[in-house]
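Chemist:
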Amino acid sequence: MEKQWWKERFIDRRSWILDHLQELTMNSEEALTILLIDFMNEHDMNISHGVLAEKLKKDLEDIDNILSGLSAKGYLQIRYHEKKIAFSIDGIFTSLQEKTMHFDESLFDVFEMEFGRPLSQMELQRMSDWIENYDQKLIQYALREAIMFDKKSFDYIERILIEWKNRGLQVQDIEDGKR
685 MEKQWWKERF IDRRSWILDH LQELTMNSEE ALTILLIDFM NEHDMNISHG VLAEKLKKDL
745 EDIDNILSGL SAKGYLQIRY HEKKIAFSID GIFTSLQEKT MHFDESLFDV FEMEFGRPLS
805 QMELQRMSDW IENYDQKLIQ YALREAIMFD KKSFDYIERI LIEWKNRGLQ VQDIEDGKR
């Protein structure tokens, strides 16, 4: 079974949801409900229609309609698991899987190894932005170049990437020794 990228420790699911809100077909009540369910799941809190109604200041019928709508869109699954009801929002992430970028865990691992520490959430977001704009191999070459000059800095790596882009350099050019 393929590893689910949204369950990785470096992924802030709620930030991802907020960042991709325009691509998801949810109204504001549904989005708030999804964010609340994710929060409650993360903190192993008991989730029920009643609890959601209380926290969202809605009546049970409204909550039922919101949850039904989310289930119909494939964003929410409600199952009976280990003697309790489990709310899963995995459908949010799988619904956009073809449209969204896939994280290359090895690239993140390389950065963490070279930096000698776990990357911050801001650094991870910056890397995911790079991955959308640059070939991952090019990012690795920029990291390697920064390390050669003892510059373990995201700003420095980004300047290398921008310079290479401005000069029209591609992965093959770097591999051929062009700088």
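Residue numbering for the sequence shown follows this note's numbering, beginning at 685 and increasing consecutively. All C-beta atoms in this analysis are idealised placements derived from N, C-alpha and C, irrespective of residue type, glycine included.
Excluding the five sequence neighbours on either side, which residues of its own chain have a C-beta within less than 7 Å of the C-beta of residue 733, listed in chain order?
Modeler: Result list for residue 733: 744, 747 and 748, in chain order.
Chemist: Name the DSSP beta bridge partners of residue 764, please?
Modeler: Residue 764 is bridged to 769.
Chemist: What separation, rounded to the nearest whole angstrom, lies between the Cα atoms of residue 864 and residue 705?
Modeler: This structure leaves residue 864 out entirely; the chain is present only between 685 and 863.
Chemist: Our contact map puts residue 741 next to residue 720 with C-beta atoms below 8 Å; I'd like the distance itself, whole angstroms only.
Modeler: The pair is not a contact, with the Cβ atoms about 12 Å apart (cut-off 8 Å).
Chemist: Is the Cβ-Cβ distance between residue 725 and residue 773 less than 9 Å?
Modeler: The answer is yes: Cβ separation under 9 Å.
Chemist: Whole angstroms is fine: what's the gap from residue 803's alpha carbon to residue 862's?
Modeler: Spanning the two alpha carbons is a distance of roughly 30 Å.
Chemist: Tell me which residue opens and which closes the alpha helix (DSSP H) that residue 825 is part of.
Modeler: Counting along the chain, the alpha helix (DSSP H) containing residue 825 begins and ends at 820-832.
Chemist: Let's test the definition: count the other Cβ atoms within 10 Å of the Cβ of residue 833 and tell me whether it reaches 16, buried, or not, exposed.
Modeler: By the neighbour-count rule (16 or more Cβ atoms within 10 Å), residue 833 is not buried but exposed.
Chemist: Thinking residue 858 and residue 822 are a contact (beta carbons under 8 Å), I'd like their distance in whole angstroms, please.
Modeler: Contact holds; Cβ gap of about 7 Å.
Chemist: According to DSSP, simplified to helix, strand and coil, what is residue 837?
Modeler: Residue 837: coil per DSSP, three-state reduction.
Chemist: What first and last residue would you give for the alpha helix (DSSP H) that runs through residue 703?
Modeler: Run containing residue 703: 697-703, per the alpha helix (DSSP H) assignment.
Chemist: Determine the closest residue to residue 900 out of 860, 837 and 809, with distance taken between C-alpha atoms.
Modeler: There is no way to answer for residue 900, as the model of the chain reaches only from 685 to 863.
Chemist: Ends of the alpha helix (DSSP H) at residue 859?
Modeler: Element bounds for residue 859: 855-859.
Chemist: How many Å lie between residue 722 and residue 792 at the Cα?
Modeler: Computed Cα separation, rounded: 24 Å.
Chemist: Could you say which of 768, 778 and 819 lies nearest to residue 728 if we only look at CA atoms?
Modeler: The option with the nearest alpha carbon to residue 728 is 768.
Chemist: DSSP on residue 711, reduced to helix/strand/coil?
Modeler: Looking at residue 711 - three-state DSSP - the assignment turns out to be coil, as it is neither helix nor strand.
Chemist: Alpha helix (DSSP H) containing residue 814: first to last residue?
Modeler: That run of the alpha helix (DSSP H) goes 805-817.
Chemist: Rounded to whole angstroms, what is the Cα-Cα separation between residue 688 and residue 700?
Modeler: Each residue's alpha carbon lies about 14 Å from the other.
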